[in-house]
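Here is the structure we will look at.
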Amino acid sequence: EDQVTQSPEALRLQEGESSSLNCSYTVSGLRGLFWYRQDPGKGPEFLFTLYSAGEEKEKERLKATLTKKESFLHITAPKPEDSATYLCAVQDSSSSNTGKLIFGQGTTLQVKP
Amino acid sequence: DAGITQSPRHKVTETGTPVTLRCHQTENHRYMYWYRQDPGHGLRLIHYSYGVKDTDKGEVSDGYSVSRSKTEDFLLTLESATSSQTSVYFCATQPGVAKNIQYFGAGTRLSVL
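Protein chains in written order, with the numbering used here: chain A, 226 to 338; chain B, -3 to 109.
Put into structure tokens, the structure is as follows:
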């Protein structure tokens, strides 16, 4: 059974203090791993898709990496506006015709000025 | 912004009453999804559609039905609402198989009293 586990559940950082969020996954065949950002009261907003181990993608202060068992979302010198819940999801290769995603429970990041 | 509108945005109803939530998209995306989001459970797939009149169940489909009579509209119906269906409901769309990024609406907060 496909499974996604995110850690930590919550993370508090000072502005400028870099850190990483973890997403561990178990799938029979990975078609894609997705990172989303969710602000309170809003829907998830797409950040990155990673397709194969060793792949990396960057956007501003965020960098996502992928191995065969996990993905990391690295946050460099975060700012208060980076505060949000970050969601990880995987798509199994058997779900390629349906697009079905399995989500982790998310990591809630708070960045204090 | 994938042009997804969910209505209503908030609803309070009583146990045993029928409820219909609407998702409308303007992007002509093939796939549409209904998720629920609850504390401790993350996003869970209720039902999805891979074309007009083509729908299938997700992992938490009991007590829910869906319909898609037009590409742009995907309806979620709670035939007889229960307190366990109190949740935040999100609609998502995906362009197609090759472009497998899901875009989310703003959500509907449903309270069943």
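All C-beta atoms, glycine included, are put in the ideal place defined by N, C-alpha and C.
Close to I42 (chain B), with beta-carbon spacing below 9 Å, lies no residue of chain A; the smallest spacing is near 11 Å.
From the beta-carbon of F86 (chain B), the residues of chain A found nearer than 7 Å are G268. Neighbours of Y99 (chain B) across chain A, judged by C-beta separation under 7 Å: F271. Among the bridge pairs identified by DSSP, R18 (chain B) is matched with B:S3, B:L71. A Cβ-Cβ distance of about 17 Å is found for the pair E295 (chain A) and Y261 (chain A), leaving them out of contact under the 8 Å criterion. Per DSSP, reduced to three states, the secondary structure at Q98 (chain B) is coil, with no helix or strand assignment. When DSSP states are grouped into helix, strand and coil, E306 (chain A) belongs to the helix group. Judged by DSSP secondary structure, D34 (chain B) falls within the beta strand (DSSP E) whose first and last residues are 27 to 34.
Within chain A, no C-beta atom comes nearer than 8 Å to that of L72 (chain B); the closest sits roughly 15 Å away. With contacts defined by Cβ atoms closer than 9 Å, A314 (chain A) and I327 (chain A) form a contacting pair.
By the Cβ-count criterion, V48 (chain B) is exposed, with fewer than 16 other Cβ atoms from all chains shown falling within 10 Å of its own Cβ.
A distance below 9 Å separates the beta carbons of N24 (chain B) and T67 (chain B).
The alpha helix (DSSP H) runs of length 4 or more contained entirely in the stretch 255 to 327 of chain A do not exist; there are none. Taking a beta-carbon distance threshold of 9 Å, N24 (chain B) does not count as an interface residue toward chain A.
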